[in-house]
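First residue of the sequence shown: 1, per the UniProt record's numbering; consecutive thereafter. One structure below.
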Amino acid sequence: MASDMDLDARKGRADEAVASHATRSEPDFQQLSPMAPPFEPPSRQSLLLPPHSPIEKVAIAVEVCLKPSSSACHDEITSAVERLLAKRSLTYMDGPVVLKEGDDPFLCDNVQSICICDTGNEESADGLGNDTVLLFWQVTLNIFVYQFNDEGPGEELDDSEGIPNFQDWILPAKEFDGLWESLIFDTTLKRRLIRYAEVALLFSETAVNPNMISWNRVILLHGPPGTGKTSLCRAIAQKLSIRLNKRYGEAQLVEINAHSLFSKWFSESGKMVTKLFQKIHSFVEEGDTLIFLLLDEVESLASARHAALSGSEPSDSIRVVNALLTQLDKLKAFPNVIVLTTSNVTGAIDIAFVDRADIKAFVGLPSLWARYEILRSCIKELIRVGLLSTAWEGSEDLILEFTRIDRMNCCIFSSGAPLNVLASKLLLETAQKTEGLSCRALRKLPFLAYTMLRNVSKVDLLKYLECMEAAAKKEMTEISELK
Numbered sequence: 001m002a003s004d005m006d007l008d009a010r011k012g013r014a015d016e017a018v019a020s021h022a023t024r025s026e027p028d029f030q031q032l033s034p035m036a037p038p039f040e041p042p043s044r045q046s047l048l049l050p051p052h053s054p055i056e057k058v059a060i061a062v063e064v065c066l067k068p069s070s071s072a073c074h075d076e077i078t079s080a081v082e083r084l085l086a087k088r089s090l091t092y093m094d095g096p097v098v099l100k101e102g103d104d105p106f107l108c109d110n111v112q113s114i115c116i117c118d119t120g121n122e123e124s125a126d127g128l129g130n131d132t133v134l135l136f137w138q139v140t141l142n143i144f145v146y147q148f149n150d151e152g153p154g155e156e157l158d159d160s161e162g163i164p165n166f167q168d169w170i171l172p173a174k175e176f177d178g179l180w181e182s183l184i185f186d187t188t189l190k191r192r193l194i195r196y197a198e199v200a201l202l203f204s205e206t207a208v209n210p211n212m213i214s215w216n217r218v219i220l221l222h223g224p225p226g227t228g229k230t231s232l233c234r235a236i237a238q239k240l241s242i243r244l245n246k247r248y249g250e251a252q253l254v255e256i257n258a259h260s261l262f263s264k265w266f267s268e269s270g271k272m273v274t275k276l277f278q279k280i281h282s283f284v285e286e287g288d289t290l291i292f293l294l295l296d297e298v299e300s301l302a303s304a305r306h307a308a309l310s311g312s313e314p315s316d317s318i319r320v321v322n323a324l325l326t327q328l329d330k331l332k333a334f335p336n337v338i339v340l341t342t343s344n345v346t347g348a349i350d351i352a353f354v355d356r357a358d359i360k361a362f363v364g365l366p367s368l369w370a371r372y373e374i375l376r377s378c379i380k381e382l383i384r385v386g387l388l389s390t391a392w393e394g395s396e397d398l399i400l401e402f403t404r405i406d407r408m409n410c411c412i413f414s415s416g417a418p419l420n421v422l423a424s425k426l427l428l429e430t431a432q433k434t435e436g437l438s439c440r441a442l443r444k445l446p447f448l449a450y451t452m453l454r455n456v457s458k459v460d461l462l463k464y465l466e467c468m469e470a471a472a473k474k475e476m477t478e479i480s481e482l483k
């Protein structure tokens, strides 16, 4: 039996334990288990260490562009870039990786640029405020090494009329450099189309039975003029030529305008289509070449069919449409072809084309969010080339992203606010006044604003933004007068 002294001692120790537990802000693991180590909050360094349990890693792309003069082996470049990133990067986010003095001389001699892509949230809109940061143990690097072709487009002319039947580019083409990054949409359309194309090619290459699962490798983009449909098709072809260059030795974009398929000579149009696709088949039959066929303004096919059925056009118009659809169906036999089509008139697309398209994506006019970011990218370009002067250090933060400025309180926009806040406010006001403008029209505004300046030797940023707002008002007025 315990003595009174022992009971008092135990009671005292229990009271001390209760008091100690009540005053601690963190769990007292020693009270719970005598073997537990003392509690310590995690250090900042420990947060950078990989977790003990396995996690699903994020696959990010690292695009490495070689200098025109480089003849370096792609595998050696890939290994050197892996070593560079392992040495330098604890975190990854979208943007360029700048080669510095002291970096691998092999890379400095051969590499023109290194860019990290695809770190953003899959649900976030394309090109709008991607500031996602990933730690090194969260990612798997997919490195793509490529070199631009600077020969420009080739052009095939019709023998009788001199109409260009098609233009073709060897990809990746220098002409399309930066096109992908310049396209800004409110949706995930760019990533959706890239993923679609990758899966469509995968299904074809693995010989999935097309009678069980149907896919045509045909994309239809429709919407108002000037919204970037044709540019997006070219950008998709360029991007996939880079991402799939380990699978295909070459890539080629063949662009056809639907209007050029109709001859003024009766019964010649069908022959023209057949002759054209014979040339395209010669490209496609090279199995290691990835072919993108871009058919622009396909609404002309629908109007031709309707006109022929109504009797206002000869039946030759129907023959050319049917010949084209037949030739497109024949391309399904080749796994290395993707057909990209566009239309400016949503309601006038041939129903036969609609049935063949796997994706029928509407590309509309840009929202306020997209308009602001489009104009912001233009301002950054003018600062980069020195046409706008500012004392602010670092043009990246000079014009704030829409996601940042949208969270600011209105009272912040006072006359004494920092330069970047005032500049962002002026740009936002311009974007608000341009509702209804296409992407093409928006990218003309910076040029029109520059023509309003009297002295272009040293252009102040805020003064220029005021001119841009005036140019936007004038553009909207002129458009309304045309209606």
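For glycine and all other residues, C-beta sits at the position ideal for the given N, C-alpha and C. Keep in mind that this is a model prediction, so the values were computed, not measured.
Pair within 8 Å by beta-carbon distance, E297 and S343: yes
- prompt: DSSP state of L462, grouped into three classes?
  reply: helix
message: Suppose you measure from the CA of L221 to the CA of K229; what does that come to, to the nearest Å?
response: 6 Å
message: Would residue 484 and L301 be called neighbours here (beta carbons separated by less than 8 Å)?
response: Because the chain in this structure spans residues 1 to 483, residue 484 falls outside the shown range and cannot be described.
query: Where E205 and S282 are concerned, what is the direct C-alpha to C-alpha distance, given to the nearest angstrom?
result: 19 Å
field: Rounded C-alpha distance that separates residue 484 from L445
entry: Nothing in the structure corresponds to residue 484, since the chain is present only between 1 and 483.
- prompt: So who's on the other strand from D296, going by DSSP bridges?
  reply: N257
- prompt: Roughly how many angstroms separate the alpha carbons of F362 and G102, rounded to a whole number?
  reply: 48 Å
query: Does DSSP classify K483 as helix, strand or coil?
result: coil
task: Since I believe I359 is in contact with residue 501 (beta carbons under 8 Å), could you give me their beta-carbon distance rounded to a whole number of angstroms?
output: In this structure the chain extends from 1 to 483, so residue 501 is not present and cannot be described.
- prompt: CB-CB under 8 Å to K473, same chain, minus the five flanking residues each way: which ones, in chain order?
  reply: K433
field: Cβ pair E255, Q327 closer than 8 Å
entry: no
- prompt: By Cβ distance, which residues of its chain are closer than 7 Å to S231, with the 5 residues on each side in sequence left out?
  reply: L179 and L183
query: Hey, quick one: how far does the alpha helix (DSSP H) through K360 stretch, first residue to last?
result: Unbroken run through K360 is the beta strand (DSSP E), I359 to F362; no alpha helix (DSSP H).
Rounded distance between the beta-carbons of G364 and P224, thought under 8 Å: 7 Å
query: Looking only at its own chain, which residues have a Cβ that is under 6 Å from the Cβ of A251, when we skip the five neighbours before and after it?
result: L171, S241 and L290
- request: Compute the minimum distance between the beta carbon of K190 and the heavy atoms of the ligand COA, and state whether it is under 7 Å.
  value: Although the ligand COA was asked about, the structure shown includes no ligands whatsoever.
- request: Tell me whether the beta-carbon of L340 lies closer than 8 Å to the beta-carbon of I236.
  value: yes
message: Just list the residues that DSSP pairs I291 with in beta bridges.
response: Q252 and V337
task: Taking all protein chains shown into account, decide if N336 is buried (16 or more other Cβ within 10 angstroms of its Cβ) or exposed.
output: buried
task: Could you check what DSSP says for Q147 in three-state terms: helix, strand or coil?
output: coil
Reference C378; option with closest CA among C439, E286 and D355: C439
message: Helix, strand or coil for S71? Go by DSSP, reduced to three states.
response: coil
message: Quick check: what's the CA-CA separation for I163 versus L462?
response: Note that I163 scores a pLDDT of 48, beneath 50, so its modelled location is shaky; the value from the coordinates is reported in the next line. So the two alpha carbons sit approximately 48 Å from each other.
- prompt: Looking at L375 and L324, is the spacing between their C-beta atoms short of 8 Å?
  reply: no
field: Secondary structure of I236, DSSP reduced to three states
entry: helix
query: So what's T390 in DSSP terms, helix, strand or just coil?
result: coil
message: Our contact map puts A449 next to A471 with C-beta atoms below 8 Å; I'd like the distance itself, whole angstroms only.
response: 4 Å
query: Which residues in the same chain as G249 place their Cβ atom closer than 6 Å to its Cβ, once the five residues preceding and following it in sequence are excluded?
result: D288
message: Do V111 and I77 count as a contact pair if the criterion is CB distance below 8 Å?
response: yes
task: Could you spell out where the beta strand (DSSP E) holding S113 opens and where it closes?
output: V111 to C117
message: Applying the 10 Å Cβ sphere with the 16-neighbour rule, what's the burial state of E181?
response: exposed
message: Tell me which residue opens and which closes the alpha helix (DSSP H) that L419 is part of.
response: L419 to Q432
task: With DSSP collapsed to three states, give me the class of A471.
output: helix
query: Since C65 contacts F148 with CB under 8 Å, what's their CB separation in whole angstroms?
result: 7 Å
For L437, the three-state DSSP class (helix, strand or coil): coil
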